[in-house]
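Quick mapping for you: the protein sequence lines, in order, are chains A and B.
The numbering used here numbers the first residue of the first sequence as 1 and each following residue consecutively.
The numbering used here numbers the first residue of the second sequence as 335 and each following residue consecutively.
Beta carbons: idealized from backbone N, C-alpha and C, even for Gly.
I have placed the structure first, in the form of structure tokens, so that the comments after it can refer back to it.
There are 2 protein chains.
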Amino acid sequence: MKLTIQDIAKKAEVSKMTVSRVLSGKGHVKKETAERIQNIIRELNYEPNFIARSLSSKQSMILGVIIFKTPTSIIDEYVAQVFSGIVDNSEIQQYRIMVLPVDRDGGDENEYLKIARTNMLDGLIFIRSRINDPKLDALAKSGFPFVLVNFKKFSPHYNFVDTENYKGAVLAMEHLINRGYKKIVFLSGNLFETNARDRFKAYQDTLKKYDLEYNEGWVVPTEFDEDDAYLKTEQLLKCDHRPTAIFAASDYIAIGAMRRIREMGLTIPNDIAIIGFDDIELASHIQPKLTTVRQPLHELGQNAGQILLDIITGKRKGPVHKMLKTTLIERESC
Amino acid sequence: MKLTIQDIAKKAEVSKMTVSRVLSGKGHVKKETAERIQNIIRELNYEPNFIARSLSSKQSMILGVIIFKTPTSIIDEYVAQVFSGIVDNSEIQQYRIMVLPVDRDGGDENEYLKIARTNMLDGLIFIRSRINDPKLDALAKSGFPFVLVNFKKFSPHYNFVDTENYKGAVLAMEHLINRGYKKIVFLSGNLFETNARDRFKAYQDTLKKYDLEYNEGWVVPTEFDEDDAYLKTEQLLKCDHRPTAIFAASDYIAIGAMRRIREMGLTIPNDIAIIGFDDIELASHIQPKLTTVRQPLHELGQNAGQILLDIITGKRKGPVHKMLKTTLIERESC
DNA sequence: AATCATTATGTTACCGGTAACATATTTAAA
DNA sequence: TTTAAATATGTTACCGGTAACATAATGATT
């Protein structure tokens with residue numbers, strides 16, 4: 001029923017190896033023969049069987065993207081943008097992208113390794129990994145090609161693309177300080193993400209540098225989502241010295257906090273200022289427009305794809321550690 | 335180097351067929367033997383080769399999701415939510431999801447068919463197809479399993495999940511009318527999407543039913559995105575009888591229009607009211623909060639996945655045409 | 001004890017390509 | 001003209017599983 005390479009070969013009166021050569025463009029085939037074969041292929045609408053090719057060549061031409069499941073939609077804007085970046089990379093066109101939703105805490109230590117061992121993938125990209133994920137180390141030991149997005153670990157077994165979170169966070173803090181805000185609190189996001197750690201460090205360092213008050217209670221860990229930030233914001237605003245500004249580790253966190261602030265009858269930025277991080281679409285649409293530090297999410301994805309390809313094809317060997325710039329986007333919230 | 339079923343078989347002193355039976359759970363294997371094999375599998379961390387399995391069984395256990403490329407991010411919130419729905423379907427867990435970005439107008443007529451013929455996929459889901467896409471018909475003729483999301487075509491060769499766009503649009507229109515708005519214009523979205531057509535029909539019918547003014551110039555075709563709507567809104571507001579309300583065929587369209595309206599110094603809803611469609615995240619965050627008609631995007635995705643599975647496994651045969659409900663979400667914009 | 005159904009396991013062939021090696025033909029170089 | 005290099009094609013084996021059929025062992029039924 002379905003056409004195989006053998007059918008094409010028979011019709012062209014050659015061996016299937018010659019057809020295979022025409023298909024892959026490797027090896028030598030006489031021009032006329034190649035054209036004859038190509039015409040037959042076109043005429044019969046033959047498409048090679050990807051699976052058979054993969055089995056034989058030991059390359060699936062598929063890249064996997066690991067996305068962690070969340071209680072809500074597993075693809076928020078952050079993931080969507082990074083993902084779009086991966087897909088948009090023109091060199092990646094010959095590869096297919098498979099989405100692999102994974103439970104953060106489920107599965108055994110070899111979960112990623114097992115995914116790699118199924119032979120279905122040539123490489124993996126991780127979006128939003130955490131530093132305490134033991135499954136990652138098991139994979140790293142195996143030598144299977146993978147790249148982490150927005151995760152920093154200067155190890156020879158890890159490839160990553162990250163943004164300059166520390167510098168970006170300093171930008172945010174100095175912006176607040178320049179505007180005269182002194183009592184600055186930090187909604188940290190999940191501190192198992194290296195992003196959050198870097199931003200936290202910058203928060204502390206910058207406060208110290210400018211000789212400003214630092215208070216244990218002023219660092220509030222949250223998840224990287226709106227609802228959790230909404231809940232955690234209340235305690236911040238009720239404490240003794242009410243802060244005058246909030247540095248939120250992400251825009252979603254900032255937006256959750258803003259909702260709570262508004263509900264408490266306070267205004268932004270008059271009663272309390274706020275600055276976010278990421279610059280997602282929402283940031284420029286919300287009222288007041290959110291001042292934030294932009295991460296180039298799309299580029300992050302593009303780079304991750306490119307690095308993975310270079311590693312798979314052997315173009316690059318050593319561990320690749322790439323950092324992209326962050327920029328301050330001034331709007332209305334501070 | 336890499337472990338194969340043969341290695342397991344040898345170690346367990348059985349044929350590889352017995353191991354295969356243990357892996358698939360099909361056929362009969364003595365309890366003790368099965369346990370012995372399973373222990374060895376666990377001990378050696380063996381993972382079956384997915385590719386080899388696919389070639390032999392003629393099932394890839396992969397579903398493809400066709401997403402159309404756009405000038406901006408290919409995954410907007412609409413796509414992200416539908417996609418999340420597909421992935422979240424618990425029964426789909428045994429399947430993997432592949433993302434296939436496609437140029438709307440590129441490729442030949444058999445583009446989808448060719449994708450199907452690579453044998454890499456067991457079925458396809460299309461997000462945001464258009465009625466004038468000839469590539470779809472070529473695929474339909476082949477009998478390859480596929481499901482369309484948010485696309486309506488009552489043909490025996492098409493399976494789809496759609497929302498009740500017509501009813502939803504009537505809800506929107508009647509809401510405006512009940513509030514006393516009489517001069518209502520329509521930003522239609524792309525009329526090659528059946529969604530837009532249904533909403534357009536409802537717009538016309540409802541105007542007629544309530545005996546309201548209908549004006550050719552009051553229907554403005556747009557793309558389903560913010561920027562295009564922003565551009566097209568100007569002409570609407572400059573025409574002779576300025577409308578008092580806008581029915582936008584999607585939230586992104588509404589948001590683009592709102593931006594333009596605000597820039598022209600008009601206020602919403604006092605000078606002009608607006609209602610959207612979809613209920614994306616932005617709708618409830620923007621100022622004023624956007625009144626809209628909610629489409630259950632996540633459920634749309636879940637259903638699409640389920641229907642596709644049922645078709646692949648033979649649980650359902652005939653064409654599946656499913657409609658989900660839409661609901662009015664009242665907020666501040668009208 | 002004989003017969004049949006069920007369970008347990010093995011054998012063989014094949015899925016549809018490509019790698020690796022072999023061979024024939026053509027072209028270039030000595 | 002001879003020889004080496006490059007081009008053109010074919011042959012064989014194999015990638016790692018599963019389907020289909022065959023056979024052996026066990027259990028149930030008469």
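Problem set entry | Given 8 Å, three or more beta-carbon pairs between the stretch 145-153 of chain A and the stretch 120-131 of chain A | The stretch 145-153 of chain A vs the stretch 120-131 of chain A: in contact.
For this session: Rank 659/B, 444/B and 550/B by C-alpha distance to the C-alpha of residue 469/B and give the top, closest one.
Result: The residue you call residue 469/B lines up with position 135 of the second sequence. Nearest in C-alpha terms to residue 469/B, of all of 659/B, 444/B and 550/B, is 444/B.
For this session: Name the residue from 129/A, 320/A and 29/A whose alpha carbon lies nearest to the alpha carbon of residue 335/A.
Result: The displayed coordinates of chain A run from 1 to 334. Any statement about residue 335/A would go beyond what the structure contains.
Exercise. Whose Cβ in chain B lies nearer than 7 Å to the Cβ of residue 213/A?
Worked result: Here residue 213/A corresponds to residue number 213 of the first sequence, with the count starting at 1. Under the 7 Å cutoff, chain B gives no residues; its nearest Cβ is about 32 Å from residue 213/A.
For this session: Could you spell out the range, first to last residue, of the beta strand (DSSP E) harbouring residue 430/B?
Result: To locate residue 430/B, count along the second sequence from 1; it is residue 96. Where residue 430/B is concerned, the enclosing beta strand (DSSP E) stretches over 430-436.
For this session: Taking C-beta pairs closer than 7 Å, name the residues in chain A that residue 565/B reaches, listed in chain order.
Result: Your numbering for residue 565/B matches position 231 in the second sequence. The contacting residues do not exist; residue 565/B stays about 18 Å from chain A at best.
Exercise. Would the beta-carbon of residue 562/B fall within 8 Å of that of residue 590/B?
Worked result: Position 228 of the second sequence holds residue 562/B. Position 256 of the second sequence holds residue 590/B. In this structure, residue 562/B lies near residue 590/B, with their beta-carbon atoms less than 8 Å apart.
For this session: Please determine, among 59/A, 188/A and 270/A, the residue with the shortest C-alpha to C-alpha distance to residue 232/A.
Result: Locating residue 232/A in the first sequence gives position 232, counting from the first residue. The candidate whose alpha carbon is nearest that of residue 232/A is 188/A.
Exercise. Are the C-beta atoms of residue 443/B and some chain A residue less than 8 Å apart?
Worked result: The residue labelled residue 443/B in the question sits at position 109 within the second sequence. Answer no: the Cβ-Cβ gap between residue 443/B and chain A never drops below 8 Å.
Exercise. Is the Cβ of residue 287/A closer than 8 Å to any Cβ of chain B?
Worked result: As a working mapping, residue 287/A is identified with position 287 in the first sequence. Nearest CB-CB separation between residue 287/A and chain B: below the 8 Å threshold.
For this session: Rounded to whole angstroms, what's the CA-CA distance from residue 54/A to residue 568/B? Just pull it up for me.
Result: Within the first sequence, residue 54/A is the residue found at index 54, counting from 1. Within the second sequence, residue 568/B is the residue found at index 234, counting from 1. Rounded to the nearest whole angstrom, the CA to CA distance from residue 54/A to residue 568/B is 54 Å.
Exercise. Using CA coordinates, which residue listed in 301/A, 81/A, 329/A and 321/A is at the minimum distance from residue 92/A?
Worked result: Numbered from its first residue, the first sequence carries residue 92/A at position 92. Put simply, of 301/A, 81/A, 329/A and 321/A the residue whose alpha carbon is nearest the alpha carbon of residue 92/A is 301/A.
Exercise. Is the CB of residue 616/B under 8 Å away from at least one CB in chain A?
Worked result: Mapped onto the second sequence, residue 616/B falls at position 282. At a cut-off of 8 Å between beta-carbon atoms, residue 616/B makes contact with chain A.
For this session: With DSSP collapsed to three states, give me the class of residue 509/B.
Result: For the purposes of this step, residue 509/B is taken as the residue at position 175 of the second sequence. Reduced to three states, the DSSP call for residue 509/B is helix.
Exercise. Does the beta carbon of residue 20/A come closer than 8 Å to any beta carbon on chain B?
Worked result: Start at 1 with the first residue of the first sequence, and residue 20/A comes out as number 20. By this cut-off, residue 20/A is not an interface position.
Exercise. CA-CA distance, residue 76/A and residue 400/B?
Worked result: The residue you call residue 76/A lines up with position 76 of the first sequence. The residue you call residue 400/B lines up with position 66 of the second sequence. Approximately 19 Å between the Cα atoms of the pair.
Exercise. Which chain A residues sit within Cβ distance under 7 Å of residue 389/B?
Worked result: For the purposes of this step, residue 389/B is taken as the residue at position 55 of the second sequence. What residue 389/B touches in chain A: 51, 52 and 55.
For this session: Use the C-beta contact count for residue 207/A: other C-beta atoms within 10 angstroms, 16 or more gives buried, fewer gives exposed.
Result: Reading the first sequence from its first residue, position 207 is the one you call residue 207/A. A residue is called buried when at least 16 other Cβ atoms come within 10 angstroms of its Cβ; residue 207/A meets this threshold and is buried.
For this session: Can you give me, in chain order, the residues of the stretch 97-126 of chain A that have a beta carbon less than 8 Å from any beta carbon in chain B?
Result: Listed in sequence order: 97, 98, 99, 100, 101, 110, 113, 114, 117, 118, 119 and 120.
Exercise. Can you give, in chain order, each stretch of the beta strand (DSSP E) that sits fully within the stretch 218-283 of chain A and has at least 3 residues?
Worked result: Runs found: 219-221, 245-248 and 273-278.
Problem set entry | Cβ contact check for the stretch 275-295 of chain A and the stretch 157-168 of chain A: 3 or more pairs under 8 Å | They touch, by the three-pair rule.
Exercise. In chain order, what residues of the same chain have a beta carbon less than 8 Å from the beta carbon of residue 489/B, not counting five sequence neighbours either side?
Worked result: As a working note, residue 489/B is residue 155 in the second sequence. Listed in chain order, the non-local C-beta contacts of residue 489/B below 8 Å within the same chain comprise 474 and 653, local neighbours out to five positions each way being set aside.
Exercise. So is residue 605/B buried or exposed if we call it buried at 16+ other beta carbons inside 10 Å?
Worked result: Stepping through the second sequence from its first residue, residue 605/B is reached at position 271. That one is exposed.
Exercise. At least one CB of chain A closer than 8 Å to the CB of residue 632/B: is that the case?
Worked result: Reading the second sequence from its first residue, position 298 is the one you call residue 632/B. For residue 632/B, the answer is yes, since a Cβ of chain A falls inside 8 Å of its Cβ.
Exercise. By Cβ distance, which residues of its chain are closer than 7 Å to residue 299/A, with the 5 residues on each side in sequence left out?
Worked result: In the first sequence, residue 299/A corresponds to position 299, counting from 1. 85 and 324.
Exercise. Mind checking whether residue 221/A and residue 183/A have CB atoms under 8 Å apart?
Worked result: For the purposes of this step, residue 221/A is taken as residue 221 along the first sequence, with counting starting at 1. For the purposes of this step, residue 183/A is taken as residue 183 along the first sequence, with counting starting at 1. No.
Problem set entry | C-alpha gap between residue 422/B and residue 340/B, whole angstroms | Residue 422/B sits at position 88 when you count from the first residue of the second sequence. Residue 340/B sits at position 6 when you count from the first residue of the second sequence. Their Cα atoms are separated by approximately 35 Å.
Problem set entry | residue 632/B - containing alpha helix (DSSP H), residue span | Start at 1 with the first residue of the second sequence, and residue 632/B comes out as number 298. Under the DSSP assignment, residue 632/B falls in the alpha helix (DSSP H) whose first and last residues are 631-646.
For this session: Give the DSSP bridge partners of residue 458/B, in chain order.
Result: Here residue 458/B refers to the residue found at position 124 of the second sequence. 398/B and 480/B, per the DSSP bridge assignment.
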